[in-house]
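Below is one structure, written out as structure tokens; the observations come after it.
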Amino acid sequence: MIIKPKGCYDLSKFDAKIYLNIEQIVHSYMNVYNYKYIRTPVFENSELFKRGVGETTDIVQKETYDFTDRSGRSLTLRPEGTASVVRSYIENKDYADIRPISKYYYIGTMYRYERPGQGRNREFTQFGVEALGSDDPLIDAEIISLSVNILKELGLDPVVKINNLGGKEDRENYKKALVKYLKPHINDFCSDCQKRIKTNPLRILDCKIDDKNEILKKAPNVLDYQSKESQARFKDVLQYLDYLDVDYEIDSNLVRGLDYYDYMVYELQVDNGLALGGGGRYNNLVKTLDGPDTPAVGFACGIERIINLIKEKAKDFSNIDVFIMAINKEEKMKANIIMQDLRLNGISVETDYLNKGLKSQFKDADKYNAKNLIILNSEDLKKGLINVKDNITKEEVKVPEDEIVDYILGII
Ligand code: HAM
1 MIIKPKGCYD LSKFDAKIYL NIEQIVHSYM NVYNYKYIRT PVFENSELFK RGVGETTDIV
61 QKETYDFTDR SGRSLTLRPE GTASVVRSYI ENKDYADIRP ISKYYYIGTM YRYERPGQGR
121 NREFTQFGVE ALGSDDPLID AEIISLSVNI LKELGLDPVV KINNLGGKED RENYKKALVK
181 YLKPHINDFC SDCQKRIKTN PLRILDCKID DKNEILKKAP NVLDYQSKES QARFKDVLQY
241 LDYLDVDYEI DSNLVRGLDY YDYMVYELQV DNGLALGGGG RYNNLVKTLD GPDTPAVGFA
301 CGIERIINLI KEKAKDFSNI DVFIMAINKE EKMKANIIMQ DLRLNGISVE TDYLNKGLKS
361 QFKDADKYNA KNLIILNSED LKKGLINVKD NITKEEVKVP EDEIVDYILG II
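Heads up, the sequence shown is in my numbering, so the first residue is 1 and it goes up one at a time.
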């Protein structure tokens, strides 16, 4: 038997239903917030992620799926969506568009060679947004509240952890102070952090191995190294969030795993510390990738992590509105027509296709979580009546055949 690759999964059955429901909610929120759908390739030239996500990040160093195609090109399965959207924005000259700023959203699979488990897959799906062309803190607040609102609609209540990494100069000053402080203690840190002090010292702050290290508690705080301009814009973001009633916690150790961020960064976390989503501002990425100087901000959320959390509560998604029971040919002919009428009116309907007896059909209706049963019988049909049973209260009524669609629409 051939099995699926490690860290991948088949999306089917109940999970697939929840997934589609999430997709639908994402599409409708993006529509009202006026983000436009974009689909970029699943693989890109490897250089895009090296330059975009950053050579020294864990993602590029240890987690990308890189391969050479038959013509010797070096390609990489995308580990995230931001670099690709920015590449597309530059390549298609979207900055010359008539629209004042470019707001994109995407839903797609990403690939990271991570150790599978605890909400980590090697193939996973993100929905995300990228807003390019504005440096206004108003849009920082918009993307944060948009992500929170989508998760709330899905029945989740994540904590917004937020931080300010500042501009280039602020970060350089902070980096120097952090390295100076950590250097004498670096042997007390994991081997990765011992490398990071040279390559990417900020990442030591949110190392999963060293996060409880006492030395980190007294480390210099990034918020103390911000210019007046950076402090003011962060204050504005927070104020907009206050007005939108979005709760947040400032977490000065939040640095995120991608190199392109500056100024505001945030994560949406749940009780167990797992991030459902995250993002932030990246005002230098478009320029780094050879585009015009363009400020930008965005976020992405992991759909599998969301599915795992809402699975229990989401039982309702798996209901069908009606199960139609029919035994003989005459009843099946009628079922055939009624099913089409109901379905064309947006009512979900299932029936028996295995010629089972009535008792087994009752059991099958329960297996489908049918909310209502239509139990056809030849006697009632002769009188033009349809027998409808509420499968929860068990109440039964006889409805005139020509009123059946309206009746069902009225009770679901
Ligand atoms: P990220 O934090 O690397 O950000 O990923 C966003 C979300 O994707 C995570 O919070 C998590 O829910 C999900 N995720 C990441 N890795 C995995 C995995 N191995 N298995 C399952 N789920 C995972 C980004 O990717 C940025 N591009 C976000 C962004 C957009 N920043 C600005 N614009």
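Beta carbons are placed, not taken as given, at the ideal position from N, Cα and C, and that holds for glycine.
Closest to residue i by CA distance: which of the options is it?
| i | options | result |
| --- | --- | --- |
| G155 | S46, L274, Q226 and N308 | N308 |
| G279 | E169, V129 and P41 | V129 |
| R203 | G54, P5 and D10 | G54 |
| D259 | F49, D380, Q231 and I209 | F49 |
| N387 | E330, V399, D66 and T393 | V399 |
| Y105 | T40, N221, K175 and S145 | T40 |
| P220 | S230, K180 and D188 | K180 |
| F124 | I306, L373 and D390 | I306 |
| N213 | D236, L223, E401 and N187 | N187 |
| I18 | I320, Y113, R73 and I303 | I303 |
| V322 | T288, T294, F299 and A365 | A365 |
| K382 | T68, S102, E23 and E331 | E331 |
| Q340 | V405, G384 and Q231 | V405 |
| K329 | L344, E172, D352 and I320 | D352 |
| K363 | I324, R171, S348 and L385 | I324 |
| R112 | T57, N284 and L20 | T57 |
| V237 | Y9, K217, V265 and S74 | V265 |
| I412 | L385, E350, Q239 and I320 | I320 |
| P116 | K13, C8 and K235 | C8 |
| D157 | M333, R196 and D247 | D247 |
| E91 | I374, L165, E114 and K287 | K287 |
| N223 | Y240, S46, G166 and K208 | Just to set this straight, residue 223 is Leu in the shown sequence, not Asn. Among Y240, S46, G166 and K208, the Cα nearest to that of L223 is on G166. |
| N164 | F127, K359, P137 and I59 | P137 |
| V270 | I327, V297, V160 and G298 | V160 |
| P292 | Y368, V397 and L132 | L132 |
| L385 | D211, E403 and V26 | E403 |
| Q24 | I327, L276, L151 and P184 | L151 |
| F299 | D210, E63 and S145 | S145 |
| I139 | Y35, L285 and P5 | Y35 |
| G257 | K13, F14 and K62 | K62 |
| G410 | S191, N372, D380 and S378 | N372 |
| R120 | E229, L11, S102 and A275 | A275 |
| G419 | A96, S102 and G81 | Lying outside 1 to 412, the shown extent of the chain, residue 419 is not represented and no answer is given. |
DSSP puts residue i in a beta bridge; with which residues?
| i | result |
| --- | --- |
| Q269 | V159 and A275 |
| L373 | F323 and K389 |
| R120 | G117 |
| R281 | D262 and V297 |
| V349 | V322 |
| K332 | The partner list for K332 (beta bridge, DSSP) is empty, contrary to what the question assumes. |
| F127 | I107 and C301 |
| K398 | N387 |
| L132 | S102 and A296 |
| N164 | M264 |
Given that a residue counts as buried once 16 or more other Cβ atoms are within 10 Å of its Cβ, and exposed if not, what is residue i?
| i | result |
| --- | --- |
| Q226 | buried |
| D94 | buried |
| P79 | buried |
| N31 | exposed |
| I143 | buried |
| A370 | buried |
| L254 | buried |
| T393 | exposed |
| S84 | buried |
| I38 | buried |
| S147 | buried |
| D262 | buried |
| I337 | exposed |
| G357 | exposed |
| P437 | Outside the shown range of the chain, which is 1 to 412, sits residue 437, and nothing can be said about it. |
| E44 | buried |
| P100 | exposed |
| F234 | buried |
| R87 | buried |
| R281 | buried |
| S360 | exposed |
| R171 | buried |
| P201 | buried |
| G273 | exposed |
| I375 | buried |
In the stretch 213–264, which residue ranges form an unbroken alpha helix (DSSP H) of at least 4 residues, counting only runs that do not cross its ends?
The qualifying runs are 214–217 and 228–243.
Ranges of the alpha helix (DSSP H) found wholly within the stretch 28–98, counting only runs of at least 4
Scanning the stretch 28–98 for uninterrupted alpha helix (DSSP H) segments of 4 residues or longer gives 46–52 and 82–91, listed from N- to C-terminal end.
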